[in-house]
Amino acid sequence: MPRHLLCAVLALLVVAVPAHPAPVPKAKPPVTCVLTLNGKKNPLDDKALTIELKNNTDKAIELLSTLPFGVMVFLDIAIEDADGKRISPESYDASISSPFAPPPKRIGTLEVDKADRIELFSLSRYFEKPDQIKPGKYRVRVKFAYKDYTATSEWVNFEIKKGE
């Protein structure tokens, strides 16, 4: 094969092969939130769902609030029905916003690289109208919000069967 043809073929091969950029490692978010359902429990039982909050920063995050109930005041537990309609109230009760409220106190700390586990009360507590819970398919997720830190879990599907 003549040299000029070989060079032309090689040039086409170089042009035809697309360059792939090296994968860029994904940075971890400052806080992660994971929600899990204990498959051995009814979703409406106490402690059927567990939240894990993990601090991925290099410093502990001190949580301050004027309310009791620990980390729960920074969580929004969203429950949706099969149609995707939210049936739980939005809630972020991080502090009382009154000039007469006491100064915020430390109610918890998210330690570096350590997951804090929180077991939720019965999900029926988080429905907008707990007395109107019907059998069906639902999903739940949790959003943590504190100052500049936010983390949202994946959706967890569950079903309420007749007579539960």
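Under the numbering used here, think of the first position of the sequence shown as 85, with each following residue one higher.
Built from N, CA and C at the ideal position, the CB exists for glycine as well.
Nothing here was measured: the structure is a model prediction, and the numbers come from that model.
Rounded to whole angstroms, the gap between the alpha carbons of N140 and L207 is 28 Å. F228 counts as buried, since no fewer than 16 other beta carbons sit within 10 angstroms of its beta carbon.
Between Y222 and F242 a beta carbon distance of about 6 Å is seen, short of the 8 Å cut, so the two are scored as contacting. Apart from the 5 residues on each side of it in sequence, E136 sits with its Cβ closer than 6 Å to the Cβ of V118, A199, R201 in its chain, given in chain order. From the listed residues N126, K131, P113, the smallest Cα separation to D197 is found for P113. Per the coordinates, the alpha-carbon of D167 lies some 22 Å from the alpha-carbon of G247. Excluding residues up to 5 positions away in sequence, T193, L194, E195, V196 lie with their Cβ nearer than 7 Å to the Cβ of A144 in the same chain. Not a single unbroken stretch of the alpha helix (DSSP H) spanning 4 or more residues falls wholly within the segment 164-207. Counting along the chain, E238 sits inside no beta strand (DSSP E), nor does DSSP assign it H or E at all.
In this model, E174 and D142 are separated by some 31 Å (Cα to Cα). Per DSSP, reduced to three states, the secondary structure at F211 is coil, with no helix or strand assignment.
Relative to P186, the option among M156, K110, D165, P152 whose CA is nearest is P152. Shown here for P127: same chain residues with a beta carbon closer than 6 Å to its own, the five before and five after excluded, namely L207, F242 in chain order. Within its own chain, the residues whose Cβ lies closer than 6 Å to the Cβ of T120, once the five positions on either side in sequence are excluded, are T134, listed in chain order. Setting aside the 5 residues that flank it on each side, G220 is surrounded in the same chain by D165, A166, E243, I244, each with a C-beta closer than 8 Å to its C-beta; the list follows chain order. If the five residues before and after P188 are omitted, its C-beta is found closer than 7 Å to the C-beta atoms of L148, S149, T150, S179, all from its own chain and listed in chain order. Contact annotation: T116 and K138 have beta-carbon atoms nearer than 8 Å.
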